[in-house]
Every structure is written in structure tokens, then in C-alpha cells.
Amino acid sequence: MSDRTTPTWADEPEVHDPYGYGQQYGDGGHASAHQDRRQEQRESLRQYAQQAPTHPQAPEGAQAGDYQPGYFTETGSWRFDVQGRTSEYTDQQAYDTFAPFDPYASYTAVEPEPAAPAAAEPEPRKPGYTLPPVAESSWAVDTRRSKLLGRGVLLVILLVQAGLSLRLTGTAFQDEALYVASGHYELANLLHGTKLPVDFAAYFSGHPKLYPVLAGAVDSYFGLAGVRVVSLLFMLGATALLYALTRRLFNLRAALGAAALFSVLQSTIVLGNFATYDAAAIFLLALSAWAVVRTDRMKAFAVLLAAPPAALAFGVKYASGLYLPTLVVLAVITAHRHRGIRALGRGVVLGTGIAALLGIGYYFSGPLGGISSTTTDRAKGTDTAATMLQHSAEWGGLVFLAALGGTIAYVLRGRMGEMPWIEGETPGRVRRAALGLVLTGTALLAPAYQIHLHTEISLYKHVGFGLLFAAPLAGLGMARLVGPHFRHPQLGILLYVATLVFGMVQAQRAYSFPDATQMTAYLSTVVDRKGTYLAEEQEVPAYYLRDKTNWTQWQNTYFMDYRGKDGKQYTGPDAFRQAVRDGKFDAIVMHGDVSPGTYQAVKEGLKNNSHYRLAAVFPYTTSSGEHAYRIWVKR
């Protein structure tokens, strides 16, 4: 390596005094502080230049004077160019250090080498499943989950109801035998023009060509058990319709409560295995009520869909007419929220439609004496109001109290605290009060009417008609009793279990009929188509023995006119007494539980009577105690 000398530019004035300190302080010299500083800078630069290595990139064959020494670091370089007199720095730190002493300094940034590309981040794995959004209250909002859950619980309720009804067993009751047997005669009249043995329309409490015809047709193929199953289907349908209309009026929880309470009532359990027209009438009323509620937001004439089942319910059982005004008022209340005063027109449309259908039906059916004799002008009895109120409370008091509580709670507050987001959508307090008053008050119609008549006959069945309308409020009361978010479920369970226990016990007591198996089996060996027979509850043997006897061969024990062999005219108990003495009947069947007055008169007529002999005694047991059929046969 050759000796290094200080570069020529280091001796130039610009280098020695690059910032013009001499001019600043005058030609005479510098201040001592600045002189010391310049001296240190020159000395540092001179030492740096002497130590600089040869330019590493000088081409081969280059002359020594062509390239001046320069200093290079790992990140930059300092190069002297004789011709261009430039100094190029590629290191920022080196440039900042020497630029004050290098008049030809320039800085050139070096592009950093591109960093190696980072590995691509893997895409996040999708979860195997995602939880659906959960409603704040699936029991109160009609979500798909709540509907499926409600239908599942409803199915369980219906299965329990069917089991409670089917556990009741027995031979035909008097009313069942009457309607099924008359159905056979009505069918023969319709199909073959056979003359009716009696005018059933004159004393039936329903049109004889409606339910009796259906019962007779089913009985021809499936017997009495098949007819009872039809009644069960009607009652199960009524419970399902009650659930549907209550869910639309209120919410799912109230609907399940209404269906659960109604399904275990005494009347519901009994009518579910009872071959009379009561079950069909309740189903038709429920169908009409559902149609009224379901069409509340439609045009006014859509409510006419409720008119045919309502009119048919009246035709099936005349006592159903007691609940037709409830349907009309319900049509107004349910539509008032959406239509205001125009909802009155909806009630007028429904009332007019029902009246028109009933008028057309009456015109083509002819005289219906049963309407007055069994409904509008029924004979008054001797039962007291206190007794009927007590029994009505026993048969439906819990559900009525639940409906009353639901009405009060509904008037005070439209929704429970678990549904604050729809508080503004509830009907006004006046409409809520009207709805509760109409539905709950309907439960009192049957007891009030029968108290007016002083008769308790069929009250245990008629109570169920009114409770069908009160059940939605009872279900709402049960839901409010449980509280929001099922705060007190034990209270709802207690109400249901109490209603269930009462319903089971009362149904078993009401369904306690005389067992006619042995009686009819014996009579089948005695009767023929020529004789005349006296029987307490004559409808039962007339039904079972209709293949061997005609309806007119059987005499009931309620009323009789008789002209004796002595030429005198007798009526009432005297007629039965004298007819037995004269030997009018070929067989007599009595047990004394239905017509005690007639039974006593018959016994008096049999005393010392040589026309008859006691042929058989068949004991049976009912809820009222032990009894027996006694059969006397003419000698």
C-alpha cells in the first residue's frame, strides 16, 4: 500500500472555512472558540483521509491518480472523483457525519433488499355448527320452535284426554240407546221410505236427522263402541280448536293451559265416551269460535265462514242456541282492534248469516216440537237453586275461578313482563275487559238457565258448553299464575292436578249406569214382535232388542193414558196400576231408580195378581248404591 496524502480539496478555503467564519468575524482573525473548533475539524478530516483505503472497485489497469482514496463501510461508501469532484454517500449516518466537511457531498438511498415473502396465513376453519338466535321468550312468540313444542305438548294433552274417556265403560245409557236406535229408524226412512214408528222430532232436543242418523250409520258397522269413538273424536277436535283460537287470542302458554284444563273437566271426559249429540254440538261451537277468531283481520264477509258450524250446532242440539250470541259479540270484539266502529258490521253479518241458515233449515225440516218441549218451553222441575249452584261449582268451579283470575289480570295488564316489546300491541283496556266479560260470563249461562227452569237434568253436560268459552281466559289465568319465565310452575301444576283429580272422580260417578247385560240377555228369550212390554228406561231394551221387537212395543214409565177393562179412563200412576191389574203387558222390567212413583204403582198392581210371576232378578251397582232389575213375565 502506498503512502497517503491529504486530498487537495482539504487545503481549499472552502474546506478550511466552509461556513465563512472568517467573513463573519472579520479578516483580522476568529474568536478563540471558533478557531479551536476549526482546528479540530481539519485535524479529524486529515487523519480520516490518511487512513482511507484504496477504492475497492477500481478497474484493472487504472492509474493511481485516477482514483483518490475513499472510505467504504458495509452499508455505504465515500468516493472521490477527480473530474466530477463529487462525493457520494449511500449511508445516511456517514452522510450526516461528513457532510459539514465535504463540499461535494450528496446522498443516494439504497433500496433495501426485498424481504422474503411471509407465509400466507391459513384461512380460519369454519365451525361444525352454529347456534341459531334464541328468542327472548319462545313460549310467548310464535317461532317455529315454539310451535313445534306447543304441538308436542298438545298431543300429550289429547292422549291424556283420550285415556281418561276410554277408561269409562258400561252398557248403553238411556239417552245413548234413544239416539242410536232412532238413528236406525231415521236411516230406514231416508233410504227406503219406511214409516217412522214415532215422531222423534216432537220430543228430541236436537234434529233427529242430524246426529242420530250419523250414530245409526256408525252403529250398523261398529256398534255402540264405534259411536262412542266418534264422540271422542269430536271432543278431541274441540280441545285442539280451543288450543288454536286461544293461541291466536293470547299466546302459546295460555293456549296450552286452556287445552289442559278443558281436557280434564268432568263434562269433557264423560262426553268423550258418550254416544249423544252433546260432543258433536261442542265441536261445532268450537269450530265456529275458531273461525270467528281466525278471520278477525279479514274482510267483514269472511266471518260468514263461522255461520254454518254455528247454525249446525243449533240443529244438532237446540241448547247450543244459548251460545250463539256469544259468537256474534266475539266477532265484534276481536275485530274492533283492527276496524274500530266498523267491527259492528262484522257482528251484523255473522248474526244475519246464522239466522238465515236457521230459517232455511227450519223451512225444509218441518215442525220441530222438540225445540219448545225440551228447550224454550221446558217443563219446570223441583230442584233448588242452591243445589244447582253447588253442583255447578263442583263440576267447573276451579276452571271458572281460573278464568275469573285471568280476566282480572288481563284487564290490569295486557302482557306479562317477559314480553315488554309487544306491550304497545295489546288491545285497549276496555276491549280486554269486554273480551274477558263475554268469555268468562258465558260459563254462567247454562247454570242460570237451568236454575230458571228449576231442573238439574243434563246440567253436568251443559256446564261444559260454557266452560269451552271460558277456557281461554282460564288458560291465561294459569299462565299468569305461573308467572313470567316460569317463575312459579308449581302453582300451575297444582291447578291442573286438582282439576284432573276432580274431573276423574266426578266423571266416574256420572258415568255409572245400570249394567243391562244380563237383563237384555234374558229378555231376548222372552220378547217377540207381538207382545207389549213395560220397561223403566225402555230405550235400553228397545235398542238392544231392535231385531226382535219394534219401538212401539215398548211402554216407558213416565206417562200413560189407559182405558181399563172396567171402561174407566186412567192417567198417570193410576193408569200403570190398572194396566198391570188387567194384564196388559207381556213382560215388566223395573228397578225403581228412574220413576219411583210408577214403580210403586206397578208393585201395587202386581200384589195378589195372578197374571204375572217374578221371573228374574239381576243386581247391579252404581255410584248411588246397589240396585237390581226385576223382571215379571206374564203367565
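Each residue of the sequence shown is one higher than the one before, starting from 619 at the first, in our numbering.
C-beta atoms are modelled at their ideal positions from N, C-alpha and C, and glycine is treated no differently.
Owing to the predicted nature of the structure, the values given are computational and were not obtained by experimental measurement.
Burial state of S838 is exposed, judged by a 10 Å Cβ sphere holding fewer than 16 other Cβ atoms. In this structure, the alpha-carbon of W1169 lies about 36 Å from that of Q779.
Boundaries around L808 are those of the alpha helix (DSSP H), Q792 to H810, since no beta strand (DSSP E) includes it.
Here DSSP, grouped into helix, strand and coil, assigns P740 to coil. Between F1177 and K1252, the gap from beta carbon to beta carbon reaches 8 Å or more. Between the alpha carbons of P1191 and R1199 lies a gap of roughly 13 Å. Here DSSP, grouped into helix, strand and coil, assigns H1070 to helix.
Bounds of the beta strand (DSSP E) holding V1235 are Y1230 to T1240.
Residue range Q1187 to T1189 is occupied by the beta strand (DSSP E) that includes Q1187. DSSP, reduced to helix, strand and coil, places A873 within a helical segment of the structure shown. V1081 and P1065 have their C-alpha atoms spaced approximately 7 Å apart. In this structure, the beta-carbon distance from R1164 to A843 does not fall below 8 Å.
Inside the segment 817-897, DSSP marks whole alpha helix (DSSP H) runs of 4 or more residues at positions 829-867, 870-881 and 884-889, from first to last along the chain. Residue G770 holds the alpha-carbon nearest to the alpha-carbon of R871 among G770, I1026, Y797 and S1010.
The three-state secondary structure of K813, taken from DSSP, is coil. The Cβ-Cβ distance between S783 and I887 falls below 8 Å.
Judged by DSSP secondary structure, V1207 falls within the beta strand (DSSP E) whose first and last residues are A1205 to M1208.
Taken atom to atom, the span from the alpha-carbon of L1141 to that of P1159 is near 8 Å. Assignment of L1152 by DSSP, reduced to helix, strand and coil, places it in the strand class. Beta-bridge pairing by DSSP links Q1173 to L1152. Rounded to the nearest whole angstrom, the C-alpha separation of G1032 and L772 is 24 Å. In this chain, the beta strand (DSSP E) harbouring I1249 covers G1243 to K1252. With a cutoff of 8 Å on beta-carbon distance, G1014 and A1061 are scored as near each other.
As DSSP reads the structure, Y1180 sits in a beta bridge with Y1188.
Listed in chain order, the non-local C-beta contacts of L850 below 8 Å within the same chain comprise A780, S783, L784, G890, N891 and A897, local neighbours out to five positions each way being set aside.
The three-state secondary structure of K935, taken from DSSP, is coil. V1029 and L968 have their C-alpha atoms some 27 Å from each other. Burial check for D914: the Cβ neighbour count within 10 Å reaches 16 or more, so the residue is buried.
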